[in-house]
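In the UniProt record's numbering, the protein residues as written are 1 to 125.
Yeah, the Cβ is synthetic: ideal placement off N, Cα and C, and Gly gets one too.
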Amino acid sequence: GTRYPEINRNISRYLRKNDEFPDFKDILEIISETNEQAGLHMSEEHVSRMTREVFEEVGVKLKKRRIEDFESTFGCHLTDDIDVDEANDPAAMDPDLSEKLANNQKLAVKRLDEVSLILRSFLKS
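This is the structure:
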């Protein structure tokens, strides 16, 4: 977060209302509007620098949260007590299922990497 509670509150409010990953422009608008409305008197350079820092922090936190959500929902409490090994693993018995699961895992990793790459490209600009 920033040292400005008003900015932190408005960014948190935006993130709760929107499921989409915010882009740099969204964060810039929130910080600029809050700067004006709350009379924070930050220079344009300060707003720009803070936008980069906040955008990076939000991106890292959202990626971490998505990974944690994926890991926590990957399993199911209904199957926690089932002992699955190679002998009774449905994917081991069904090559199509095994292939589909492997492809889904690759796709999930690829998409998380794409989000990370997008974040890095915004930070460099």
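{"Query": "Hey, F70 and A108 are a contact pair by Cβ (cut 8 Å); roughly how many whole angstroms apart?", "Result": "7 Å"}
{"Query": "Please report the Cβ distance between L112 and K64, rounded to the nearest whole angstrom; I am assuming they are in contact, meaning their Cβ atoms lie under 8 Å.", "Result": "Not quite, the Cβ-Cβ distance comes to about 10 Å (not below 8 Å), so this is no contact."}
{"Query": "What would DSSP say about M42, mapped onto helix, strand or coil?", "Result": "coil"}
{"Query": "What does the alpha-carbon distance come out to for the pair R16 and N10?", "Result": "10 Å"}
{"Query": "State the Cα-Cα distance for the pair K25 and D96, rounded to the nearest angstrom.", "Result": "43 Å"}
{"Query": "Measure the alpha-carbon distance for Q37 versus Y14 and round it to whole angstroms.", "Result": "16 Å"}
{"Query": "List the whole-angstrom C-beta distance separating I31 from V54, where the pair is believed to meet the contact cut-off of C-beta under 8 Å.", "Result": "7 Å"}
{"Query": "Consult DSSP for G1 and reduce its assignment to one of helix, strand or coil.", "Result": "coil"}
{"Query": "Restricting to Cα atoms, I'd like to know which of S12, P5, D23, R3 is closest to R120.", "Result": "D23"}
{"Query": "For A87, which of helix, strand or coil comes out of DSSP?", "Result": "coil"}
{"Query": "Short of 6 Å in beta carbon distance, which residues of its chain neighbour T51, apart from the five on each side in sequence? Order them along the chain.", "Result": "I27, L28, I31"}
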